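Structure first, commentary second.
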Ligand code: SF4
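Numbering (the working numbering), first residue to last: 908 to 1231.
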């Protein structure tokens, strides 16, 4: 399980701090596919970095923490922000946005696999035996073990992404984080990558967290999802419910703008632009674009709370409906 407790983080710049994520408080459960959606610049990649504990200058955590806990091989574990990196690959792994940037271009893939496997896991075997295990794993994923002899640049974008996913899941970590795993791939390859991620999640019964701006990705594979806007989560719940009955005005406009099979009506985007994170408006950050905004919205930040069973949202209208 990943618990995000009252988390805020910012980038320190010479022009001042830019608060990129603010007061996030939610849980990602064991054995679920959890999606994080939102327009670019809303803070979703920064959130993923804090989950994976890649918090390096200029990014700093202002308050709160992330707690990764669970059980593996009969042993329970718990790591919080600052400690999570000790358990990279073993309990948590990361599939970054640009797959080619994490692979060393001048190193054969077999060496990159060997380097990523913790010493503890390979202490009783020779290098050949470890590589045989890797080759078997690749075969199980319908990948040719021949790729181990390749350099990254010799593979197509889709194949590189599959290899990264294989690398990230080889140790069967409890949590796998994937940042825009299908971006820049053609539709057929995208589908193959999503199927591979789903199959692995089912096989290991672990937690898969997917960040994507593409609502279609969330619709296809996530169980629950969070919608981010300007550094905050404004709605969270079961994916099916978010698409069939969105409650937050932003989510309603976002879902309403999506094309649907058989629907020939003219689709319009959400008017206006997200606010600059360096100087956001007071109160609800969506107020300048919201058709329901009131004076209260423009001065008071709405609280993120459960508005119906399993559904959380941050909106004064909804909070008034539930009598809070
Ligand atoms: Fe709109 Fe007000 Fe709700 Fe913000 S709090 S989404 S401005 S109704």
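C-beta atoms are modelled at their ideal positions from N, C-alpha and C, and glycine is treated no differently. Keep in mind that this is a model prediction, so the values were computed, not measured.
By the 16-neighbour rule on beta-carbons within 10 angstroms, residue 1209 is buried. Between residue 1100 and residue 1072, the C-beta spacing is below 9 Å. Here the stretch 1066-1084 lies against the stretch 1014-1027, with 3 or more beta-carbon pairs under 8 Å apart. Inclusion of residue 1041 and residue 909 in the CB contact set at 9 Å is not warranted, their separation being larger than that value. Ranked by how close their Cα comes to the Cα of residue 1177, the residues 997, 1203, 1193 and 993 have 1193 in first place. Between residue 941 and residue 1130, the CB-CB gap stays under 9 Å.
Partner residues in the beta bridge of residue 926, as assigned by DSSP, are 917. In the three-state reduction of the DSSP assignment, residue 1183 falls in the coil class, being assigned neither a helical nor a strand state. Counted as a single uninterrupted DSSP element, the beta strand (DSSP E) harbouring residue 1136 occupies residues 1131-1136.
For the ligand SF4, a non-hydrogen atom lies closer than 8 Å to the CB of residue 1224.
In the DSSP assignment, residue 975 falls within the unbroken beta strand (DSSP E) covering 966-979. With a beta-carbon spacing of about 15 Å, residue 947 and residue 928 fall beyond the 8 Å limit used to define contacts. Bridge partners of residue 1215 according to DSSP: 1218. Considering only 982, 1147, 995 and 1092, the residue with the shortest C-alpha distance to residue 1122 is 1147.
The continuous beta strand (DSSP E) containing residue 1144 extends over residues 1139-1145.
Nearest to residue 1142 by alpha-carbon distance, out of 1127, 976 and 1218, is 1218. Selection 1157, 1059, 1216 and 1113 evaluated against residue 1223 yields 1157 as nearest (Cα-Cα). DSSP links residue 1084 through a beta bridge to 1001 and 1116. For the set 934, 922, 999 and 1206, the Cα lying nearest the Cα of residue 912 is the one of 934. Excluding the 5 residues flanking it on each side, residue 1037 has same chain C-beta neighbours closer than 7 Å at 1021, 1024 and 1029, in chain order.
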